[in-house]
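J.:
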Amino acid sequence: MTKKRVQLVFPKHLVDKPIVWQLGQKFKVVTNIRRANIDAECGWIDLEVEGEADEIEKGLQWLAETGVEVNPIEKQVVE
Amino acid sequence: MERHGIPPTEKMRGLKCRECGTMYPLEPMNVCSLCFGPLEVDYDYEALRGRVTRQSIAAGPKNLWRYRDLLPIGEVTDPDFGVGFTPLFKAHRLGERLGLSNLYIKNDTANPTWSFKDRVVSVAVAKAIEFGFDTVACASTGNLGNAVAAQAARRGLKCFIFMPADLELPKIVGTLIFRPTLVAVKGNYDAVNRLCAEVSATMNWGFVNINLRSYYSEGSKTLGFEVVEQLGWRVPDHIIVPMASGSLLTKVWKSLKEMERLGLIGEVPTKVHGAQAAGCSPIVTAFKEKAEFVRPVKPNTIVKSLAIGNPADGIYAVRAIRESGGLAEAVTDEEVVDGIKTLAETEGLFTETAGGVTIATVKKLVRQKVIGPDDIVVALITGCGFKTQEVLTDRLEEPMIVEPRLTAFQEQLALRVIS
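Taken in sequence, the protein lines are chains A and B.
Position one of the first sequence corresponds to residue 1 (my numbering), numbered consecutively onward.
Position one of the second sequence corresponds to residue 80 (my numbering), numbered consecutively onward.
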């Protein structure tokens, strides 16, 4: 089991969707929201995901394909 | 030279989460394990008050270590590299062009690898050595990589620099010369970003802007300290700061407030203005929309050194600008080029694109009458144009081509208007 910390950014068309719940349903991962801010236009969630490494990767891949931007918790580190 | 300042245990309480306030020991970590907020060095200002004075600073070396008591380091172990205390000069001709009688340029191109990144890397590398790391690393397409590789070479540390694999050779020569291990990642910018965050979590390295970020970013404060000291302990009315991650602006503001808090200066009236390129201006957008969240963008600008679409300190920069009463403005690539050329033609200083953003923003704020003609204005020039000459291709005057005869030269000269 491993843990990964990510920042999720939601575009407008996904802000009212139960994405994090779906992530936990579709993949064998435990999700733990640490901070979040969502309004009608967009939103972000700082999330911890726990599970087997490949299951986490599949889950994050699904998020990206769904249209959620998945970033490291540090955001952009290439300077 | 006296290398010992106030001991770390007497000046710092630890790392503090900027969001929930949870305290942590002074370790190589950058994210709060409770709320995932960023961590910042927490100083004991009561302990510092009266011990950090104008005299104690003036007694220090003519580089950034003169402010060591306000930096998160113990002993200064590399006093002679010449980072910081770069020139601040009055820009008479540029000021005249812009209608400003008190315009100053802070020339941070005068650092060893020609950018302000030498400041933050100095602190990060000092901290890496204190923590016992034998390897430092970063992800960079430019100035940061140059600075980390140079200081690693100087300190005998192993060094890894991560870059996208498709970066052109001329852009990496300034890093490769210092003989780091350059890791060319087969993937786009986002892929490099993700990989580096993962690598930093698994390797026992000092990643300067990841696990050492809380310390690294403190190095930017020295720009603010120097501006005030070089103005004769006066605070300017305006400082214009280019924004990438937003960290520099946040720390310049912090430096002014620290000096105020320690009684080195009076109440700070300075308006700190943030500048971005219109093709990558998430912080400016958040400021103008009065948002509490900086929405990431995909950069599309010639200003590569500021092209951070998801800025780590974006919201803190927005808050600092608001607190100071400043503004955030974005300028087009054409305005950036014009800014670069104007600075070069009037002051003899060749800035990279970030400096063009700064100068173009000064122009804009003057036009908007945010800056008055007699205000004391400081523009931060954070990097050198000799590194990014490609942005000026086809944007400069053609040379005068002549046959090797005096009459041919005279004929051509007669046709040319020399201003």
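Virtual Cβ for every residue (Gly too), placed ideally from N, Cα, C.
These numbers come from a predicted model, not from an experiment.
Under a three-way DSSP split, which group does Gly285 (chain B) fall into?
T.: strand
J.: Please list the segments of the alpha helix (DSSP H) lying wholly inside the region 183–210 of chain B, counting only runs of 4 or more residues, in order along the chain.
T.: 196–210
J.: For a quick check, are the C-beta atoms of Val200 (chain B) and Val287 (chain B) less than 9 Å apart?
T.: It is a contact, given that the beta carbons lie within the stated cut-off.
J.: Can a CB atom of chain A be found closer than 9 Å to the CB of Glu337 (chain B)?
T.: no
J.: Given that Glu139 (chain A) touches chain B, what residues does it touch there, using C-beta distances under 8 Å?
T.: Since the first residue of chain A shown is 1 and the last is 79, residue 139 (chain A) is not available in this structure.
J.: What residue range does the alpha helix (DSSP H) around Trp312 (chain B) cover?
T.: Looking at the DSSP string, Trp312 (chain B) is not in any alpha helix (DSSP H), and its letter there is neither H nor E.
J.: Output the boundary residues of the beta strand (DSSP E) element that contains Asp121 (chain B).
T.: First-last of the beta strand (DSSP E) with Asp121 (chain B): Leu118 to Tyr122.
J.: Select from B:Thr380, B:Val416 and B:Glu368 the residue whose C-alpha is nearest the C-alpha of Ile394 (chain B).
T.: B:Glu368
J.: Measuring straight from C-alpha to C-alpha, what distance separates Lys237 (chain B) and Phe160 (chain B)?
T.: 19 Å
J.: Measuring only between beta-carbons, confirm whether Phe366 (chain B) sits less than 9 Å from chain A.
T.: no
J.: Counting only the same chain and skipping the five closest in sequence on each side, list residues whose C-beta sits under 6 Å from that of Pro18 (chain A).
T.: Result list for Pro18 (chain A): empty, nothing under 6 Å.
J.: Roughly how many angstroms lie between the CA atoms of Glu247 (chain B) and Ser296 (chain B), to the nearest whole one?
T.: Rounded to whole angstroms, Glu247 (chain B) to Ser296 (chain B) spans 28 Å at the Cα level.
J.: Any chance you could list the alpha helix (DSSP H) runs of at least 4 consecutive residues sitting entirely within the region 222–278 of chain B, in chain order?
T.: Taking only runs of at least 4 residues, the alpha helix (DSSP H) segments lying wholly in the region 222–278 of chain B are 222–234 and 248–255.
J.: Which residues, in order along the region 263–295 of chain B, keep a beta-carbon less than 7 Å from a beta-carbon of chain A?
T.: Residues Tyr268, Val271, Asn272, Arg273, Cys275, Ala276, Asn288 and Ile289.
J.: Is DSSP giving Ile56 (chain A) helix, strand or coil here?
T.: helix
J.: Have a look at Gln491 (chain B) and Val481 (chain B) and give me their C-alpha separation to the nearest angstrom.
T.: 7 Å
J.: Mind pulling the chain A residues with CB within less than 8 Å of Glu98 (chain B)?
T.: Arg35
J.: Buried or exposed: which applies to Ser112 (chain B), given that a residue is buried once 16 or more other Cβ atoms fall within 10 Å of its Cβ?
T.: exposed
J.: Indicate whether Ala409 (chain B) and Ala354 (chain B) have their beta-carbon atoms separated by less than 9 Å.
T.: yes
J.: Use the C-beta contact count for Met91 (chain B): other C-beta atoms within 10 angstroms, 16 or more gives buried, fewer gives exposed.
T.: Per the 10 Å Cβ criterion, buried.
J.: Using a 10 Å radius around the Cβ and a threshold of 16 neighbouring Cβ atoms, would you call Glu81 (chain B) buried or exposed?
T.: Caution is warranted here: a pLDDT of 45 is assigned to Glu81 (chain B), below 50, making its placement in the model unreliable, and the coordinate value is therefore given only provisionally. Under this definition Glu81 (chain B) is an exposed residue.
J.: State the DSSP-derived secondary structure class of Asp417 (chain B), mapped to helix, strand or coil.
T.: helix
J.: Taking its Cβ as the centre, do 16 or more other Cβ atoms sit within 10 Å of Gln489 (chain B), making it buried, or is it exposed?
T.: Label assigned to Gln489 (chain B): exposed.
J.: Should Trp21 (chain A) be flagged as near chain B, meaning a C-beta pair shorter than 9 Å?
T.: Chain B contact via Cβ: absent.
J.: Roughly how many angstroms lie between the CA atoms of Asn283 (chain B) and Val78 (chain A), to the nearest whole one?
T.: 19 Å
J.: Which chain B residues are close to Pro72 (chain A), counting only those with a beta carbon under 7 Å from its beta carbon?
T.: Asn272, Arg273 and Ala276
J.: For Ala218 (chain B), return the contacting residues in chain A, with the cut-off set at a CB-CB distance below 8 Å.
T.: Those are Val77, Val78 and Glu79, listed as they occur along chain A.
J.: Please list, in chain order, all residues of the same chain as Glu98 (chain B) whose beta carbon is under 7 Å from its beta carbon, the five residues on each side excluded.
T.: Cys111, Cys114 and Gly116
J.: Counting only beta-carbon atoms, is Ala391 (chain B) nearer than 9 Å to chain A?
T.: yes
J.: Counting contacts by CB-CB distance shorter than 9 Å, is Lys196 (chain B) in contact with chain A?
T.: yes
J.: Which same chain residues end up closer than 6 Å to Lys350 (chain B) when comparing Cβ atoms and leaving out the 5 residues on each side of it in sequence?
T.: His317, Ser403, Gly404 and Gly405
J.: Grab the span of the alpha helix (DSSP H) containing Phe115 (chain B) for me, first residue to last.
T.: Premise fails: Phe115 (chain B) is in no alpha helix (DSSP H) and is neither H nor E.
J.: Which same chain residues, not among the five before or five after Cys463 (chain B), have their C-beta less than 8 Å away from its C-beta?
T.: Thr188, Trp193, Ser194, Phe429, Thr430 and Glu431
J.: Residues in the same chain with beta-carbon distance under 8 Å from Ser135 (chain B), minus the five sequence neighbours each way, listed in chain order, please.
T.: Asp148
J.: Would you mind reading off the limits of the beta strand (DSSP E) that contains Arg292 (chain B)?
T.: Here Arg292 (chain B) belongs to no beta strand (DSSP E); instead the alpha helix (DSSP H) covers Arg292 to Tyr295.
J.: Between the Cα of Gly358 (chain B) and the Cα atoms of B:Leu94, B:Pro259, B:Val436 and B:Ile184, which residue gives the shortest distance?
T.: B:Val436
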